[in-house]
Every structure is written in C-alpha cells, then in structure tokens.
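> Protein chains in written order, with my numbering: chain H, 25 to 326; chain C, 25 to 326.
Glycine residues also receive a C-beta, built at the ideal position from the N, C-alpha and C atoms.
Since the model is a prediction, treat every value here as computed from it, not as a measurement.
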C-alpha cells in the first residue's frame, strides 16, 4: 500500500494508522484486564502490518462522505476501523496456532503462542474478538448505526471462519477448481474486506445503492488481494516475508497461479483492478481514495 | 435445577429449553455454513446441559415483566437467551482444548476436539462466539435494545475471558486467598450469569434500580453456584459427572472448601442464598421465579 502521504486524497495514511493504533492501545489499557492478557492483546493488535482493513473502512467512508482532511476521525468511524482490525488480529493469532497453520513467525516476530504460550494465544484471540464488539457498542452513540456496525462485524467474522473451514477442513461437496478457490477467498480474505467497506459506508450514512457499490468494490479487491498474495508467495523469499515461502504450493493447496499459471494470474489481477474501478462508478469523483487503494493493492509487496 | 414444571411460575422450564434449542438449531442450520462447521456448532451448542444461563435470562425478564405463561418467547428475549448460551458453549469448547484443560469428556460425551479435531474445535468455538453477536443483531428490532444486549454480551464474554486468565495463567499481583478466589469466580463463572440477568432485565425494559437488583442477585448466585460446584467436585464421583473428579484439589487449585473447609463452604452457600433473596427485595413478588432459581441452584446436583 502507498504510504506516501503527499499523494493521498483525504486523511493522510500515517495519521490514520496513528489514530487506529492509539485507540486500540488506549481501549485495551483502560479496559481493566489481567496485565498479561492486556500485554498479549497489544502484542497482536499492534503488531507490524499495513492496517489494510481500517484503511478500507476510512477510504469507504470518504468515498461517500467526502475527504477527511483535518482533525481526528469521527468516533463511530474510528470504532469501526479498530473493531475490524481487532477481528483481523484475532484471526491471525488463531490461524498461527499449532493445530492450525503452526507458524512460529509472523512478519519477522514470534507468533503469540511462541511469544507467550498456547493457552494465552487461544484466550487472547478470543479476547480480541469479544473486545471488538464491546468497543463498537461503547463508542457509537447512534443505536441504529451501532447495531448495524455490530451486525456487519459479526457477519464478516462468521463468513471468514466459514472460509477458513472451506480452506483447511474441506469436505467433498462437489464444488471444485476455480469455483472452490473463489468460495474460499470470498470468505476467508474477502469477508473482512467486504465488512470494512460496508462499515465505512454505513458510518457515512450511505444509501442502499452506495452500500451495494462498496460491497462489489470490496469483493473485487478482495479477490485481487488474494491473487496478488498467491503471486507474491511464488516470487518473494523467506527473508523478506518473515515466514516460510511456497508453503501453499508445497502443501498442494489451490492457488490462482496453480490454476491459471503465473501469467494468467497476472492478467486476472489487471481484470479485477479494472472491475474494481467499474464498481466505483456510481460513487463518482468522491471514490478517488478507493481507486487509489485498489491501484496500490494491485502492485503491493508484502 | 428443578425441572418439575408443575412447580414453575411463569414459562415452564421444559418449554423454555425446547424454544432455546430450536432457535439455536434453526439459526445455525439456516446460516449458510460449511456442513462440517454447522455440525460442530450444533454438537456443542445443543450438548447436554441444564441451560442455566438462558433460564436466568428468562426468569430475570419475568421478574420485571411478570410471568410468561403462554405462547412463544418474545423474539428479543429468545435471541438474548440463545446468544448467551452460544457464548457459554464457545467457552466450554475452548476450555476443553489440549492447551487448556485438556478434557476428553464433557457430560459423558467426547469433547468437540475429540469428536472432530483440534482445528475444528478452535474454529467452531470462534464461530459460536461470533454467531452469538450476529444472532442478536438479526433478531432484535429495537436498535437501542439490540445495542444494549450486544454490549452486555460482549462485556460478559470479556470478563469471563479475564477470569479464565486469572484462574489458569495467574500473575503475582498481590491479590491472594479468598479475594483471589472471588475475583476469579466473579469473572470466570459470574460474568455470564451477570450478563444473563441484565439481558433479561433489559428485554423487559427494566429501569436502573431494577438492573442493579438483578446484577446483585446474579453476582451472588454466581458465587453460590461456584461454591456448590466446588462442593460437588468433592462429593460426586467420576461416573455421575462424566469427567475426572477432585481434579482441582489434586492440581492444588484454590477452592472454597479448600479455603474454608467443607462445613464453612456449606455455610457460605446458605449465606449467599439468603443474600440472593435480599437482593431481590426491590423487585417484589414478581421476582418469585428468581427466588426459586436461587433455591434450586443451592441444592443442585451436577
């Protein structure tokens, strides 16, 4: 993602990340939790990363509301952005567990269960998920908006979990090849991106057609994100990724390059990038931050 | 708990359990989830048990609203009751994991990770938690009530997780003896009971003083529940419990009988039972279902 703030329209990316991290840190610190649990939540919630989902929340808000240029984010928007990041952090902590992906490193740091222990990683993952809902309910004054945001967050989480099951505990239900791959990714990666865009839109008071445009955009970007990810897994090396490479390919997993070849997958990135732009047409010029985000994600490195 | 419906005031206990189980089953079945995930959610969500928390939701509602005598439960109340049961089921699934309590049996049945596998148990636990929030948001029409219920559910879950950390991953923070034991149980067991009573009250439109009375009642019953549990662990045998007995005592865990002796703990049950009745005084005659529930829980067997 582009972090050159001079090219941003709307809230500068670095300010966005600072606000997200500060809110997450303050909320956990003030919640009244056992110290070791709070430490574990912060270790994971504030880990290195590009804050793609909170960024999508804010850019989707801006695409409906207009650019956020100065001052702190509206409280409900900040809560939505932090909430979805907490859900993302929860998913990483549990995915890394020995019974799941069994990863020792994430972005060059020990995973939480290596940093602490497995019991704490299970409980801290649970805690990040439950805190995300609490944070939203405590930081949104408009009940209708608050309930809508909680609903989006819950549905995104449930769809993500379904995607994880489709991916790692597959049953033979007749869905194969590219259809199976798309089903996995529309849920596993796509659900939180879709939820991010919809939550941002809802905070801006988007109408049904705007929510629909944001949803289609996010679904498209979500698939593109995953094709790029698959391509990066092939082309990057362990040192730059902080985790084992080509792990998916070696494990015989479905990937876009595996199904369409590297060139086919690269062409698919371009097709999806164009489709993302098309999805934004109903939102007009205000959607420029989302156009830039799609373009950034199409060429991102890990 | 007393399941003799002839002695019930308000909704018969067996009808209550039927409605709770049916709603949970229908919601999971219609959610559109991978079949194996749905099966895992139902295995745990519909496992044997007395549905203490949903019962407390409904009896707290009745204590404010008056007895529910005929017809199905109001939709919001049913959602609150099923939601808290899902959170309880999630906590059992994760507590049983090898990295936590490592239990193979629960109430005579294989625990979920023995019935399926550890990855599915992690994901299904996560799923029960996230679905509980989704179910509440989708089944409560009044946004202010819905948001309040989600807030209660989230806070109860977070406090419960904190209690689990205080219990199983304790740090030396100077809190010792009975104070430490009460802190553990006010969170670990107490939080969901407190949340149940408050959610039931909120569904009935309880005012602040009624919510306060319900909270005090639930906190008291929650501690009593735990003292009874500790006493049952000493007096029951493996065959009737479906799990290893005296496990806590052997592991050197803090227990009420361990700290106060068996007779001291039995006296504490009576004291807490009286305090629960006292807490209900502001609610008057309508609180009779909660008085009976406290009396039932004081003499319960596993």
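1) Can at least three beta-carbon pairs, one atom from the region 38-57 of chain C and one from the region 155-174 of chain C, be found at a separation below 8 Å?
2) For a test of the three-state rule: what should DSSP assign to residue 281 of chain H, helix, strand or coil?
3) Step through the CB atoms of chain H and report whether any lies within less than 8 Å of the CB of residue 290 of chain C.
4) Residue 81 of chain C and residue 184 of chain C: beta carbons closer than 8 Å?
5) Kindly say whether residue 167 of chain C, judged by its beta-carbon, lies nearer than 8 Å to any beta-carbon of chain H.
6) Hey, does residue 130 of chain H have any beta-carbon neighbour from chain C nearer than 8 Å?
7) Opposite residue 59 of chain C in the DSSP bridges: which residues?
8) Could you compute how far the alpha carbon of residue 130 of chain C sits from the alpha carbon of residue 236 of chain C?
9) Near residue 188 of chain H, which residues of its chain fall below 6 Å by C-beta distance, leaving aside the five closest residues on each side in sequence?
10) Could you list which residues in chain C have their beta carbon closer than 7 Å to that of residue 123 of chain H, in chain order?
11) Indicate whether the contact test is met: 3 or more Cβ pairs, each with one atom in the region 191-202 of chain H and one in the region 136-155 of chain H, closer than 8 Å.
12) Indicate the three-state DSSP secondary structure (helix, strand or coil) for residue 317 of chain C in the structure shown.
13) Return the Cβ separation of residue 310 of chain H and residue 160 of chain H in integer angstroms, given the expectation that the two are a contact with Cβ distance under 8 Å.
14) Just to confirm the assignment, what range does the alpha helix (DSSP H) spanning residue 93 of chain C have?
15) Nearest-angstrom Cα distance between residue 323 of chain H and residue 69 of chain C?
16) Pick out whichever of H:278, H:173, H:301 has its Cα sitting closest to the Cα of residue 225 of chain H.
17) Is there a C-beta anywhere in chain H that falls below 8 Å from the one on residue 170 of chain C?
18) Going straight from the alpha carbon of residue 295 of chain C to that of residue 39 of chain C, what length do you get?
19) What distance in whole Å lies between the Cβ atoms of residue 251 of chain H and residue 289 of chain H, which are believed to be in contact at a cut-off of 8 Å?
20) Does any CB atom of chain C fall closer than 8 Å to the CB of residue 157 of chain H?
21) Are residue 55 of chain H and residue 175 of chain C touching if we call contact CB-CB under 8 Å?
22) Is residue 134 of chain H helix, strand or coil when you go by DSSP?
23) Quick one: does residue 294 of chain H have its CB under 8 Å from some CB of chain C?
24) For residue 72 of chain H, which residues of its own chain have a beta-carbon under 8 Å away from its beta-carbon, when the five flanking residues on both sides are left out?
25) Given a threshold of 16 other Cβ atoms within 10 Å of its Cβ, counted over all protein chains shown, does residue 83 of chain C qualify as buried or as exposed?
26) Identify each residue in the region 74-92 of chain H for which the Cβ-Cβ distance to at least one residue of chain C is less than 7 Å, and report them in chain order.
27) Quick one: which chain H residues come within Cβ less than 8 Å of residue 153 of chain C?
28) What's the gap between the Cα of residue 220 of chain C and the Cα of residue 42 of chain H?
29) Taking all protein chains shown into account, decide if residue 77 of chain H is buried (16 or more other Cβ within 10 angstroms of its Cβ) or exposed.
30) State yes or no: is the C-beta of residue 86 of chain C within less than 8 Å of the C-beta of residue 34 of chain C?
31) Which residues in chain C have a C-beta closer than 8 Å to the C-beta of residue 162 of chain H? List them in chain order.
32) Just how far apart, CA to CA, sit residue 91 of chain H and residue 62 of chain H?
33) If we define contact as Cβ-Cβ less than 8 Å, is residue 215 of chain C a contact residue for chain H?
34) Can a CB atom of chain C be found closer than 8 Å to the CB of residue 59 of chain H?
35) Given a cut-off of 8 Å, decide if residue 218 of chain C and residue 242 of chain C are closer than it, judged by their beta-carbon atoms.
36) With 8 Å set as the bound, which would you pick, yes or no: does the beta-carbon of residue 11 of chain C sit closer than that to a beta-carbon of chain H?
In short:
1) Because the criterion of three Cβ pairs below 8 Å is met, the region 38-57 of chain C and the region 155-174 of chain C touch.
2) Note: residue 281 of chain H maps to helix in three-state DSSP.
3) Chain H contact via Cβ: absent.
4) No. Outside cutoff.
5) Chain H, which has a Cβ nearer than 8 Å to the Cβ of residue 167 of chain C, makes this yes.
6) Closer than 8 Å: no.
7) Residue 59 of chain C pairs with nothing; no bridge assigned.
8) For residue 130 of chain C and residue 236 of chain C, the distance between alpha carbons rounds to 34 Å.
9) For residue 188 of chain H, the CB contacts under 6 Å within the same chain, skipping 5 residues up- and downstream, are 212 in chain order.
10) The answer, in chain order, is 142, 143, 146.
11) Touching, no.
12) Of the three classes helix, strand and coil, the one that applies to residue 317 of chain C here is helix, per DSSP.
13) No, residue 310 of chain H and residue 160 of chain H are not in contact; Cβ-Cβ is about 25 Å, not under 8 Å.
14) Secondary structure note for residue 93 of chain C: it is in no alpha helix (DSSP H), with a DSSP letter that is neither H nor E.
15) The straight-line gap from Cα to Cα measures roughly 44 Å.
16) Residue H:173 holds the alpha-carbon nearest to the alpha-carbon of residue 225 of chain H among H:278, H:173, H:301.
17) Answer yes: the Cβ-Cβ gap between residue 170 of chain C and chain H drops below 8 Å somewhere.
18) Looking at the two C-alpha atoms, the distance is approximately 32 Å.
19) Yes, residue 289 of chain H and residue 251 of chain H are in contact; Cβ-Cβ is about 5 Å, under 8 Å.
20) Yes, its Cβ sits closer than 8 Å to a Cβ of chain C.
21) Contact annotation: residue 55 of chain H and residue 175 of chain C have beta-carbon atoms that are not nearer than 8 Å.
22) Here residue 134 of chain H sits in strand by DSSP.
23) Not one chain C Cβ lies under 8 Å of residue 294 of chain H.
24) The beta carbon of residue 72 of chain H lies closer than 8 Å to those of 131, 132, 133 in the same chain, with the five residues before and after it left out.
25) It is buried - the Cβ of residue 83 of chain C has at least 16 other Cβ atoms within 10 Å.
26) The residues in question: there are none.
27) Within chain H, 150, 153, 154 have C-beta atoms less than 8 Å from the C-beta of residue 153 of chain C, given in sequence order.
28) About 37 Å.
29) Buried: at least 16 other Cβ atoms inside 10 Å.
30) For the 8 Å CB-CB criterion, residue 86 of chain C and residue 34 of chain C form a contact.
31) In chain order: 175.
32) Residue 91 of chain H and residue 62 of chain H have their C-alpha atoms spaced approximately 34 Å apart.
33) Closer than 8 Å: no.
34) Interface residue (Cβ-Cβ distance to chain C less than 8 Å): residue 59 of chain H is classified as such.
35) Going by beta carbons, residue 242 of chain C and residue 218 of chain C fall inside the 8 Å limit.
36) One cannot answer for residue 11 of chain C here, as it falls past the ends of chain C, which runs 25 to 326.
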